[in-house]
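In this text, residue positions in the sequence shown follow the working numbering: the first is 0, and each later residue adds one. Backbone N, C-alpha and C define an ideal beta-carbon position, used for all residues, glycine too. Here's the structure, in structure tokens; my notes come after.
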Amino acid sequence: MTRTRNSGAPPYKSFVLVLQALIIMARKEGNTCSSCEIAGYLSSEPTVLRKALAKLTKEQILVTREGRDGGYMLNRSPEELTLAEIYCAMEVDGLQSNAVIETMYGNTFGAQMKSACGDILEEMNQSALGILQKYTLGDLVRRTGC
0 MTRTRNSGAP
10 PYKSFVLVLQ
20 ALIIMARKEG
30 NTCSSCEIAG
40 YLSSEPTVLR
50 KALAKLTKEQ
60 ILVTREGRDG
70 GYMLNRSPEE
80 LTLAEIYCAM
90 EVDGLQSNAV
100 IETMYGNTFG
110 AQMKSACGDI
120 LEEMNQSALG
130 ILQKYTLGDL
140 VRRTGC
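As structure tokens, then:
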């Protein structure tokens, strides 16, 4: 059976890709994980993963180490890291509404639709963040049995 690799991660899929990578890192308990190692677990491309993880490094959710034993590791305990923090660090907040708005073309009717839907889409985003705030990475680690 041939394994296929996930070669790309559209923005709305990056969040789930990163959650999986963070669970792998949480298993390592303070040891580094290379992007190649994580990508191997996820059947993903290391370059796609590095691009997504760079956002978490920028937001100080992850730290990196260079060198032979280098890689990524969590900067905080999985119990302290909410899914909402990860979601926001990935700049995903608003992507549901952006995905919908992108389908509304630059004509008069499209402008009317954007105006009519804006508050609904913002409410949708806030609802998603509220739910994600209730859960931590530690919760996901336990749910996956890792």
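{"Asked": "T143, buried or exposed, once every other Cβ within 10 Å from all chains shown has been counted against 16", "Found": "exposed"}
{"Asked": "Any 3 or more C-beta pairs closer than 8 Å across the stretch 124-131 and the stretch 82-90", "Found": "yes"}
{"Asked": "CA nearest to the CA of L52, picked from M72, Y40 and N30", "Found": "M72"}
{"Asked": "Contact belief for C35 with P45 at Cβ below 8 Å, rounded distance in angstroms", "Found": "5 Å"}
{"Asked": "Reference Q59; option with closest CA among G66, N74, M123 and F108", "Found": "N74"}
{"Asked": "Straight-line Cα distance separating E28 from Q19", "Found": "15 Å"}
{"Asked": "Given T70 as reference, the closest of C87, K54, P77 and R49 once Cα atoms are compared", "Found": "Looking at the sequence shown, residue 70 is not Thr but Gly. Looking at the Cα atoms, R49 is the closest of the given residues."}
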